[in-house]
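Novice: For reference, the structure I am asking about is given below.
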Amino acid sequence: MQKLLAFFAVRDGCDREVGMALAAAASRVAAAPGIEGVAVLLAESDDPLPALYRMRRYEAVLEVRSLDAESLDTLIERLAELRSDLGDCVHSDLSALVVAEENRVVPAEPPGTRYMSLMRRKAGTGHDDYISYYRNEHARFGIECPGATGYHQNYVDLKRSREAAARGGFGIWDVDSVTEIFVPSARVFEDATSDDPIREEAAIDEARFIDRGTQAGFCVHVAGHFPE
0 MQKLLAFFAV RDGCDREVGM ALAAAASRVA AAPGIEGVAV LLAESDDPLP
50 ALYRMRRYEA VLEVRSLDAE SLDTLIERLA ELRSDLGDCV HSDLSALVVA
100 EENRVVPAEP PGTRYMSLMR RKAGTGHDDY ISYYRNEHAR FGIECPGATG
150 YHQNYVDLKR SREAAARGGF GIWDVDSVTE IFVPSARVFE DATSDDPIRE
200 EAAIDEARFI DRGTQAGFCV HVAGHFPE
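All residue numbers for the sequence shown refer to numbering that gives the first Met the number 0, where the first residue is 0 and numbers rise by one.
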């Protein structure tokens, strides 16, 4: 499954406007040929997880899923229109856009509230080696994660992401992977993992291949899914 993920750094006081603009855009995008589904994801208000990371969280996410790359390429041509709809409500330089291959390691049905983590490779690790380790070794932490109802990995296509971000006016694209761990809520996820050894074990493993100082992590819920 091909996926486009647009992460928006929303200006203070603009959450409602951005949510409405993304819902309108999602409805239009979902009607395009080849698009399997579009979701608008908004940040959980009581999420304790962003405090664990140096990077700021994203307040809104647009998720577009397609069976083929061609359909997403057509959508990418319209990204500037979406960015225009949002006006001055988002920080373009802090917002991110990636095109990725989705791997539903532990399928979440239906995919709802989730912890998302944007990760970059550490110095001296190539993108292909990073993805290989992430897929074949690090995946066990998502599979064994307490409190999780699903686990998806997203392998970023750096070339397509760079081109898409340039067309849409997004400042960030050079992310190597995006993790999705599906949970009942941010608070349940925090309570289930805070005292579990898996959190420390996962952090030790991440230090082997992830540039942890540039990692962002946060929880979002589904505010709208199209077609409904």
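By construction, the Cβ of each residue, glycine as well, lies at the ideal position given by its N, Cα and C atoms. Remember, predicted model here, so these are calculated numbers, not experimental data.
If distances are taken between C-alpha atoms only, which option among D190, E205, A206 and I180 comes closest to H220?
Specialist: Closest by alpha carbon: I180.
Novice: Verify whether the separation of the beta carbon atoms of P47 and E189 is less than 8 Å.
Specialist: In contact: P47 and E189 (Cβ atoms closer than 8 Å).
Novice: Run through the DSSP bridge pairs and tell me what E179 is partnered with.
Specialist: Per DSSP, M115 and H151.
Novice: Starting from the C-beta of V187, find all residues in its chain whose C-beta is less than 8 Å away, skip the five residues before and the five after it, and write them out in chain order.
Specialist: If we look at V187 and ignore the five residues flanking it on each side, its Cβ neighbours are G146.
Novice: Which same chain residues end up closer than 6 Å to L3 when comparing Cβ atoms and leaving out the 5 residues on each side of it in sequence?
Specialist: Hits under 6 Å: V63, L71 and V98.
Novice: Which whole runs of the alpha helix (DSSP H) in the region 193-219 are 4 residues long or more, in chain order?
Specialist: Those alpha helix (DSSP H) runs which fall completely within the region 193-219 and span 4+ residues are 196-208.
Novice: I'd like to know whether the C-beta atoms of E58 and D14 end up nearer to each other than 8 Å.
Specialist: Yes, the Cβ-Cβ distance between E58 and D14 is below 8 Å.
Novice: Following the continuous alpha helix (DSSP H) through I130, name the residue where it begins and the one where it ends.
Specialist: Its alpha helix (DSSP H) spans residues H126 to Y132.
Novice: Evaluate the contact criterion for the region 159-170 versus the region 105-112: three or more CB pairs, one atom per stretch, below 8 Å.
Specialist: Short answer: they don't touch.
Novice: Would you list the one or two residues that DSSP bridges to V97?
Specialist: Bridge partners of V97: L4.
Novice: Return the Cβ separation of V174 and L117 in integer angstroms, given the expectation that the two are a contact with Cβ distance under 8 Å.
Specialist: Contact flag correct, Cβ pair sits at about 5 Å.
Novice: Would a C-beta distance cut-off of 8 Å place V9 and A22 closer than the cut-off?
Specialist: Going by C-beta atoms, V9 is not nearer than 8 Å to A22.
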